[in-house]
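Residue numbers (our numbering): 129 to 421.
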């Protein structure tokens, strides 16, 4: 009988591009059994060519989650070591023009879908004493005009993760929330929503659809930092103290660490930074003139 250690399995949502794809490749290169998922199988065909298991998943539909759980359960003998909640969407628009339908769509993908994944896969995670890894964003901490819907969902994901970490700790399941700064992803090019003709911000429509104001970290570099953190595992203990263990929160990506420091200085500092980056004085002049305020 072989004494070889069991090959660990990681399940990742949203692997068609950006962070999800990079994480899948990094875990695969380190010898993990990777189950990469996306809504469209053809979008993750390159990962299948690399030897990963690729499956279709829409985290907003419970039936697809349950079908995936059955497949993973059978393939792994009922154990899942790492669940990466990465799938996401965004909506670039002023909050004053956001409708219930807009908000509902973003929350279902960025929060409720991840909650459903954890609930469904929890028995497998408990069996492996596994890890839930939630990909959040620095925008959940620092305000950025016209990204409010996305930021709201990520702030909620942070709250979910920190409470989940405590609730699952008796069962040996760890929760890691990754606060991502600027990282090369495929979200920005598909995120803008049209504004109504009477929007106070119509004059800015071409402006707020522009890209991020900072240079983005390559997704593979970001993925390496995240997987390095995961591989720390539970560290070693001395009584109730743990040393060298995986964190509960990880700040990674361009500007993420800076945001974590500035957050300690208060909301005024964060809002001031945001206004400076977006040249908000100029924006204000344009809005006042266009709306005859």
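For glycine and all other residues, C-beta sits at the position ideal for the given N, C-alpha and C.
For residue i, is the classification buried or exposed, using 16 other Cβ atoms within 10 angstroms of its Cβ as the cut-off for buried?
i, result
"residue 222", "buried"
"residue 379", "buried"
"residue 409", "exposed"
"residue 414", "exposed"
"residue 299", "exposed"
"residue 473", "The requested residue 473 does not occur in the structure, where the chain is confined to residues 129 to 421."
"residue 154", "buried"
"residue 137", "buried"
"residue 200", "buried"
"residue 265", "buried"
"residue 387", "buried"
"residue 430", "Residue numbering for the chain in the displayed model covers 129 to 421; residue 430 lies beyond these limits and cannot be assessed."
"residue 392", "exposed"
"residue 394", "exposed"
"residue 417", "exposed"
If you draw a straight line from the C-alpha of residue i to the C-alpha of residue j, how long is it?
i, j, result
"residue 144", "residue 176", "11 angstroms"
"residue 142", "residue 360", "24 angstroms"
"residue 372", "residue 411", "46 angstroms"
"residue 317", "residue 220", "The pLDDT assigned to residue 317 is 48, lower than 50, so where the model puts this residue is not dependable; a value taken from the coordinates is nonetheless given after this. One C-alpha to the other measures close to 10 angstroms."
"residue 165", "residue 401", "36 angstroms"
"residue 198", "residue 168", "19 angstroms"
"residue 403", "residue 234", "25 angstroms"
"residue 226", "residue 248", "31 angstroms"
"residue 376", "residue 363", "13 angstroms"
"residue 173", "residue 182", "8 angstroms"
"residue 285", "residue 151", "19 angstroms"
"residue 301", "residue 345", "30 angstroms"
"residue 306", "residue 420", "43 angstroms"
"residue 204", "residue 149", "22 angstroms"
"residue 244", "residue 206", "18 angstroms"
Which residues mark the beginning and the end of the alpha helix (DSSP H) in which residue i is found?
i, result
"residue 424", "Outside the modelled stretch of the chain, which goes from 129 to 421, sits residue 424, for which no answer is possible."
"residue 332", "Counting along the chain, residue 332 falls outside any alpha helix (DSSP H), and DSSP gives it neither H nor E."
"residue 219", "No alpha helix (DSSP H) contains residue 219, which DSSP labels as neither H nor E."
"residue 151", "146–157"
"residue 231", "228–235"
What residue does the beta strand (DSSP E) around residue i start on, and which one ends it?
i, result
"residue 162", "161–166"
"residue 139", "137–140"
message = Just to confirm the assignment: which complete beta strand (DSSP E) runs, minimum length 3, are found wholly within the region 263–321?
response = The qualifying runs are 302–308.
ask   = Within the chosen definition, does the region 227–236 reach the region 266–285 through at least 3 CB pairs nearer than 8 angstroms?
value = These segments touch.
inquiry  = Closer than 8 angstroms is the cut-off here; do at least three beta carbon pairs connect the region 252–259 with the region 210–220?
reply    = yes
key: Ordered list of beta strand (DSSP E) runs contained in the region 171–212, each at least 3 residues   = Within the region 171–212, the complete beta strand (DSSP E) runs of at least 3 residues are 181–184.
Complete runs of the alpha helix (DSSP H) confined to the region 237–263 [at least 4 residues] = 241–256
ask   = Which full runs of the alpha helix (DSSP H) of 4+ residues lie inside the region 345–395, going along the chain?
value = 347–358 and 384–391
message = Contact between the region 178–195 and the region 293–310 is defined here as three or more beta-carbon pairs at a separation below 8 angstroms; is this criterion met?
response = no
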